[in-house]
Amino acid sequence: MLADILHKIAVDEAKDGRDYKYAPRPSNSGLERCMRQTVYYGLDYEKKPLAGRMLFVFDDSSWHEELTADWIRKSAYRLHSEQMHVNIPTGLNFLPERICEFEINKKKCGQVIPVENIAGHIDGILTDLTGKDILWEHKAISHFTFGMYRKGDVFPLDNITQTCNYLKGLLLVQSELTDALLLIKNKMTSQYLEYYITYDYNNDTATIIYMMDSIDKVKVELNKEFDNITFQSSNRFANVQECIEKKKIPARQYERSHWRCDYCPYGETCWEGWAEEIESMESDVALSEEFGTLLGHRQEIAMHVSEMTKEKKTLDKEIKDKLKEKGIRQGKVDKYTVELSIVEKKAFSVEASSYEKLTIRLKKEA
Ligand code: SF4
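All you need for the numbering used here is the position in the sequence shown, starting with 1, plus 6.
What follows is the structure in structure tokens.
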């Protein structure tokens with residue numbers, strides 16, 4: 007009755023919906039965003055329409071933001087300036103003065119964006135009990151990506167760049183507003199991860215002061231710095247602009263199996279003829295000594311990884327056995343916390359996709 011029509015309704019609505027033309031914006035300023043994808047966008051290549059289910063996934067991100075905002079309003083923090091327009095100077099001389107076309111509640115923003123500026127709309131500003139203002143940015147993401155960030159091995163650099171661009175613009179109107187809280191929500195479990203970021207305008211440096219997970223509530227001090235963060239994002243925009251003007255498509259930035267390619271609206275165009283491209287490349291080539299060293303180094307690392315993986319499995323087992331033996335589910339020591347829990351394994355059906363396979367073997371002696 008409904009399961010078969012709801013996603014179709016989303017597809018029909020999307021056809022009538024607003025599709026913004028490419029322009030450099032804080033939301034596409036991320037340093038890890040694929041250049042090739044942005045150039046396709048700038049050159050108006052046709053996007054593959056999103057499937058109805060995917061439209062629901064994107065649409066519910068804004069609802070998640072609204073839900074989180076509602077909970078914040080029940081806290082001691084005052085949330086205000088939601089969707090406020092912010093101009094950000096970039097030094098990019100190809101950006102003319104223009105009017106902000108962004109629609110909020112179906113009404114055009116209409117603010118003037120000065121020359122050499124980009125502009126965007128912030129999620130809001132939090133004022134704490136001492137009167138200190140902190141920029142609030144919210145992202146609702148998949149369980150898979152959340153898991154990567156939670157481990158702490160990778161940072162949401164695109165979101166950090168966007169946040170720092172906003173801080174740069176806000177600082178020009180409110181010089182004390184140097185800090186931001188990037189709040190990331192796991193759409194599947196409602197778990198939150200917060201990054202407290204401070205931005206140094208003079209040095210153009212972002213510092214992640216700490217990261218905190220809503221489950222263990224431990225502030226993990228990071229003091230991780232990202233230098234020249236907004237300069238790099240402006241530089242990327244300049245490179246994109248050059249490619250657009252020269253109608254030059256840059257090299258693929260990610261491998262076919264990367265999640266960014268899975269979600270890319272230009273995926274089909276980008277990877278068209280890829281197998282033929284590989285097939286037409288030269289074979290039986292005598293490689294340089296430098297190449298040989300590279301291959302040798304790769305094989306050595308692969309051997310260590312395999313040994314380390316085995317070692318990790320052994321250590322995991324030893325830790326689990328010790329916890330079970332002592333009847334401990336969760337505990338802390340020094341800078342570590344350890345927790346034993348049961349996680350339900352979810353199986354998702356994924357469309358079959360090809361990937362580039364690298365095989366390195368030891369050469370047989372003649
Ligand atoms: S498919 Fe991947 S490499 Fe190609 S444009 Fe999209 S993100 Fe970039």
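From the three backbone atoms N, C-alpha and C, an ideal C-beta is built for every residue, glycine too. Please read these numbers as outputs of a predicted model, since none were measured by experiment.
- [ ] Drop a sphere of 10 angstroms on the beta-carbon of Ala308, count the other beta-carbons inside from all chains shown, and report buried for 16 or more, exposed for fewer.
- [x] Locating residue 308 in the sequence shown gives position 302, where the first residue counts as 1. Ala308 is exposed by the Cβ-count criterion.
Task: Those residues which DSSP pairs with Lys145 across a bridge - done: Here residue 145 refers to the residue found at position 139 of the sequence shown. The bridge partners DSSP lists for Lys145 are Ile190.
- [ ] Verify whether the separation of the beta carbon atoms of Arg335 and Glu345 is less than 8 Å.
- [x] As a working note, residue 335 is residue 329 in the sequence shown. As a working note, residue 345 is residue 339 in the sequence shown. It is a contact, given that the beta carbons lie within the stated cut-off.
TODO: Could you check how far apart the C-beta atoms of Ile110 and Phe161 are, in whole angstroms? I think they sit under 8 Å.
DONE: For the purposes of this step, residue 110 is identified with residue 104 of the sequence shown, where counting begins at 1. For the purposes of this step, residue 161 is identified with residue 155 of the sequence shown, where counting begins at 1. Going by Cβ atoms, the distance from Ile110 to Phe161 rounds to 29 Å, so no, they are not a contact pair.
Open item on the list: Assuming contact is defined by CB atoms lying nearer than 8 Å, are Arg31 and Ile124 in contact in what I supplied?
Closed with: Locating residue 31 in the sequence shown gives position 25, counting from the first residue. Locating residue 124 in the sequence shown gives position 118, counting from the first residue. Cβ atoms of Arg31 and Ile124: closer than 8 Å.
TODO: Could you say which of Leu141, Asp134, Asn192, Trp265 lies nearest to Leu73 if we only look at CA atoms?
DONE: Within the sequence shown, the letter at position 67 stands for residue 73. Nearest option by C-alpha distance: Asn192.
Task: Lys138 (DSSP reduced to helix, strand or coil) - done: For this step, residue 138 is matched to residue 132 along the sequence shown. Note: Lys138 maps to coil in three-state DSSP.
Open item on the list: Checking 8 Å against the spacing of the C-beta atoms, do Ser35 and Ser239 come in under that value?
Closed with: On the sequence shown, position 29 is the one that residue 35 refers to. On the sequence shown, position 233 is the one that residue 239 refers to. Between Ser35 and Ser239, the C-beta gap is smaller than 8 Å, which places the two residues in contact.
TODO: Apply the 10 Å Cβ neighbour rule to His149 and answer buried if 16 or more other Cβ atoms are within range, or exposed otherwise.
DONE: Translated into the one-based positions of the sequence shown, residue 149 becomes position 143. Around the beta carbon of His149, a 10 Å sphere encloses fewer than 16 other beta carbons of the protein chains shown; the residue is thus reported as exposed.
Open item on the list: With the cut-off set at 8 Å, would you say Thr184 and Asp210 are in Cβ contact?
Closed with: Within the sequence shown, numbered from 1, the residue matching residue 184 stands at position 178. Within the sequence shown, numbered from 1, the residue matching residue 210 stands at position 204. Their beta carbons are not under 8 Å apart, which means Thr184 does not touch Asp210 by this criterion.
TODO: Mind checking who Pro5 pairs with in its DSSP beta bridge?
DONE: One cannot answer for residue 5 here, as it falls past the ends of the chain, which runs 7 to 372.
- [ ] Could you check if Thr315 is buried or exposed, using at least 16 other CB atoms within 10 Å of its CB as the buried criterion?
- [x] Here residue 315 refers to the residue found at position 309 of the sequence shown. By the 10 Å Cβ count, Thr315 comes out exposed.
TODO: Starting from the N-terminal end, write out each residue whose C-beta falls within a distance shorter than 7 Å of any non-hydrogen atom of the ligand SF4.
DONE: After applying the 7 Å Cβ criterion, the set is Cys40, Arg42, Gln43, Tyr46, Arg258, Gln259, Tyr260, His264, Arg266, Cys267, Cys270, Tyr272, Gly273, Cys276, Trp277.
TODO: Just the C-alpha distance for Glu317 and Val311, rounded to the nearest angstrom, thanks.
DONE: The residue labelled residue 317 in the question sits at position 311 within the sequence shown. The residue labelled residue 311 in the question sits at position 305 within the sequence shown. Those two C-alpha atoms are separated by around 10 Å.
- [ ] Go ahead and pull the three-state DSSP assignment for Lys373.
- [x] Here the chain covers residues 7 to 372 and nothing more, so residue 373 does not appear.
- [ ] Quick one: residues in its chain with C-beta nearer than 7 Å to the C-beta of Tyr47, no 5 flanking neighbours on either side, listed in chain order?
- [x] Within the sequence shown, numbered from 1, the residue matching residue 47 stands at position 41. Hits under 7 Å: Tyr28.
Task: Beta-carbon spacing of Pro271, Val45 below 8 Å - done: Here residue 271 is taken as the residue at index 265 of the sequence shown, counted from 1. Here residue 45 is taken as the residue at index 39 of the sequence shown, counted from 1. No, the Cβ-Cβ distance between Pro271 and Val45 is not below 8 Å.
Task: Contact the stretch 133-143 vs the stretch 96-112: 3+ CB pairs below 8 Å - done: Judged by Cβ distances under 8 Å, the stretch 133-143 makes no contact with the stretch 96-112, as fewer than three pairs qualify.
Open item on the list: Is there a Cβ of chain C sitting closer than 8 Å to that of Asp66, yes or no?
Closed with: The chain inventory of the structure shown lacks chain C, comprising one protein chain alone.
Task: Glu413 in three-state terms, based on DSSP - done: Because the chain in this structure spans residues 7 to 372, residue 413 falls outside the shown range and cannot be described.
Task: At least 3 beta-carbon pairs within less than 8 Å: the stretch 190-209 vs the stretch 260-274 - done: The stretch 190-209 is not in contact with the stretch 260-274.
Open item on the list: Residues in the same chain with beta-carbon distance under 8 Å from Glu274, minus the five sequence neighbours each way, listed in chain order, please.
Closed with: Counted from its first residue, the sequence shown places residue 274 at position 268. Hits under 8 Å: Lys54.
Open item on the list: Relative to the C-alpha of Gly137, which candidate in Thr204, Trp280, Leu85, Asp233 has its C-alpha closest?
Closed with: On the sequence shown, residue 137 is found 131 positions in, with the first residue counted as 1. Of Thr204, Trp280, Leu85, Asp233, the residue nearest in Cα terms is Leu85.
Open item on the list: If the criterion is Cβ atoms closer than 8 Å, does the pair Tyr172 and Val92 meet it?
Closed with: Sequence index remark: in the sequence shown, residue 172 carries index 166 (1-based). Sequence index remark: in the sequence shown, residue 92 carries index 86 (1-based). Yes.
Open item on the list: Tell me which residue opens and which closes the beta strand (DSSP E) that Glu337 is part of.
Closed with: Taking the first residue of the sequence shown as 1, we reach residue 337 at position 331. It should be pointed out that residue 337 corresponds to Gly in this sequence rather than to Glu. Annotation: the continuous beta strand (DSSP E) that includes Gly337 extends over 336-339.
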